[in-house]
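In order, the protein sequence lines correspond to chains A, B, C, D, E, F and G. Per this note's numbering, the very first residue in the first sequence carries number 75; after that it's consecutive. Per this note's numbering, the very first residue in the second sequence carries number 75; after that it's consecutive. Per this note's numbering, the very first residue in the third sequence carries number 75; after that it's consecutive. Per this note's numbering, the very first residue in the fourth sequence carries number 75; after that it's consecutive. Per this note's numbering, the very first residue in the fifth sequence carries number 75; after that it's consecutive. Per this note's numbering, the very first residue in the sixth sequence carries number 75; after that it's consecutive. Per this note's numbering, the very first residue in the seventh sequence carries number 75; after that it's consecutive. Input: a single structure, listed below in structure tokens.
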Amino acid sequence: MIKPLADRVVIRRLEAEETTKSGIVLTGSAKEKPQEAVVVAVGPGGYVDGNKVDMEVKVGDKVLFSKYAGTEIKHQGEEVIIVRQSDILAIVE
Amino acid sequence: MIKPLADRVVIRRLEAEETTKSGIVLTGSAKEKPQEAVVVAVGPGGYVDGNKVDMEVKVGDKVLFSKYAGTEIKHQGEEVIIVRQSDILAIVE
Amino acid sequence: MIKPLADRVVIRRLEAEETTKSGIVLTGSAKEKPQEAVVVAVGPGGYVDGNKVDMEVKVGDKVLFSKYAGTEIKHQGEEVIIVRQSDILAIVE
Amino acid sequence: MIKPLADRVVIRRLEAEETTKSGIVLTGSAKEKPQEAVVVAVGPGGYVDGNKVDMEVKVGDKVLFSKYAGTEIKHQGEEVIIVRQSDILAIVE
Amino acid sequence: MIKPLADRVVIRRLEAEETTKSGIVLTGSAKEKPQEAVVVAVGPGGYVDGNKVDMEVKVGDKVLFSKYAGTEIKHQGEEVIIVRQSDILAIVE
Amino acid sequence: MIKPLADRVVIRRLEAEETTKSGIVLTGSAKEKPQEAVVVAVGPGGYVDGNKVDMEVKVGDKVLFSKYAGTEIKHQGEEVIIVRQSDILAIVE
Amino acid sequence: MIKPLADRVVIRRLEAEETTKSGIVLTGSAKEKPQEAVVVAVGPGGYVDGNKVDMEVKVGDKVLFSKYAGTEIKHQGEEVIIVRQSDILAIVE
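Written out as structure tokens, the structure is:
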């Protein structure tokens, strides 16, 4: 189990079929391509660089995040990404 | 539905005909070209990098924003852009 | 009507004849050329990047600003520029 | 014995076999490759650049950290790395 | 009349003869050449980027400033320079 | 005698033989090579760039520091280095 | 007379003979060469970029400073240098 520190969030990228179902398609020309993902673990927040960060996302949220943000790792056979909450643009409902 | 986080705002670019009606035409030589758009969703504001941000725009506002700001996504067949409120220059009435 | 947000100011550049009348001539060798303009709209000020900004200029003020600052737009047939108040160097009386 | 100052943490990289057992495999294309390590010493925290830092990791924690962070040294025949706590992405349990 | 905003100061460069009289000669090899000038207008100070600035120079002060600082303008036939107070190194008495 | 200002620390690099005795050997590939040294003078700390700095090292401490940090001087026939305390990674005991 | 503003200090470089007497010799390979000087004028300190600066050096102090810091001027036939107090590394006694 991965327990992210501070304002970090572990997310799992949603596959194309899932993306299609949610109705979000990324435009090809966007310099910073957002991506859809589901939240699998959320750090505790708290003070990051002296600023208090409250965590606004929770496990299970479908989110849009910046493609080039974060660090990809493979955990128990599944690829996940560790991002900062500020790299998450929006929650999709 | 897209719920932007923090100080982010979801906007939909106004088409040329709409732009003409509002009387704003962008000059060709401007290095940072502003664009007209309508606000479709507004984040909750709050503390961003330790600074309190109050949201000054609301859904339906016609706004000028910097062309190169934000992230374009296609949501349910419609292109929208996610920007920070500080990328919005002015409200047009 | 353009309502600038935060510490932004909408200004209209003064023509050469107007500039001559006010007695200000810009020197050619200055790296950052100032320009004379008249203020046409003033944002509400308030907190910008966590710092409180009080607006010191008002509609009708003749001001000197940095040539490369701001964003030019054409509004109802007239070119205006949206700058931050901190890009305004001085008021000319 | 190495006693790290401020928000620094001394970690010992886990070998491949250990990594395999924990089920984390790093993907080849990640720009900033995380690595697994075990914490061997923890600084006292306190004020760093004016911000209060509480130490969230403890000796014995298995952690993910950014490959290019920190300074490698050889201490009593064993290679260790001195990183800042903010370079630690997550605790693995 | 030019009324500088915030922490800005309007200065008039002193001619060589004047410089010689005051006994200050600039060395040729200095990377950032200071210059002697006289203060002709002083902004109100106040909060600049969130920091309170008290104005320490007054009209008539002879000052040393950094050559490459500020913006040169010609006002009613006389060249003046608009600098920030922090670009003024010292007062010469 | 050298009395360092603010958060500065005067250190004397330990020779190879001393380093070997303490059991620390630097790895060749490290981009920022740490070095072992002994503290010979400690500044008073206090406010540095607005942040309060308490001095954590004392005269006689054996420390690891970053090779490229600080300024080398020769004082009474002995080479010493003036670093900021934040350039000291750890105390070795 | 030169009255430095804020946290600035006017210093006069010590000649080689003086340097030799004090026992400090600069090593040739140091990237940022310190220099010995004597303090001839001290600014009032106070708030600089929002941070309170107390002046720790006084007229007559022999100090080590960074060679590339500050601005050299010739005042009444004597070369002096205007530096910020933070460019002074240590007092030599």
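The beta-carbon is built from N, C-alpha and C at its ideal position, and this holds for glycine as well.
Residue-chain proximity (residue i, chain C), Cβ-Cβ < 8 Å
{"i": "E/K141", "result": "no"}
{"i": "B/V166", "result": "yes"}
{"i": "E/I147", "result": "yes"}
Residue i at chain A interface by Cβ criterion, 8 Å
{"i": "D/E152", "result": "no"}
{"i": "B/K77", "result": "yes"}
Interface flag, residue i vs chain J, CB-CB below 8 Å
{"i": "C/L163", "result": "The question asks about chain J, but that chain is absent: this structure's protein chains are A, B, C, D, E, F and G."}
DSSP state of residue i mapped onto helix, strand, coil
{"i": "C/Q150", "result": "coil"}
{"i": "C/L88", "result": "coil"}
{"i": "C/L79", "result": "coil"}
Pair within 8 Å by beta-carbon distance, residue i and residue j
{"i": "D/A164", "j": "D/V137", "result": "yes"}
{"i": "D/D161", "j": "D/G144", "result": "yes"}
{"i": "C/V127", "j": "C/Q150", "result": "no"}
{"i": "C/G124", "j": "C/P78", "result": "no"}
{"i": "C/I155", "j": "C/I85", "result": "yes"}
{"i": "D/D81", "j": "D/V122", "result": "yes"}
{"i": "C/K132", "j": "C/Q109", "result": "no"}
{"i": "D/E130", "j": "A/M75", "result": "no"}
Residue i: CB within 7 Å of a non-hydrogen atom of the ligand SAM
{"i": "G/R87", "result": "Ligands displayed in this structure: none; no statement on the ligand SAM is therefore possible."}
Min CB distance residue i to chain E below 8 Å
{"i": "C/L138", "result": "yes"}
Any C-beta of chain F under 8 Å from that of residue i
{"i": "D/R82", "result": "yes"}
{"i": "D/I156", "result": "yes"}
{"i": "D/T101", "result": "Note that D/T101 scores a pLDDT of 49, beneath 50, so its modelled location is shaky and nothing firm can be said."}
{"i": "D/R87", "result": "no"}
{"i": "D/Q159", "result": "no"}
> Which runs of the beta strand (DSSP E) fall wholly inside the stretch 106–167 of chain G and span at least 3 residues, in chain order?
Replying inline: Runs found: 108–116, 120–122, 125–127, 136–140, 145–149, 152–158 and 162–166.
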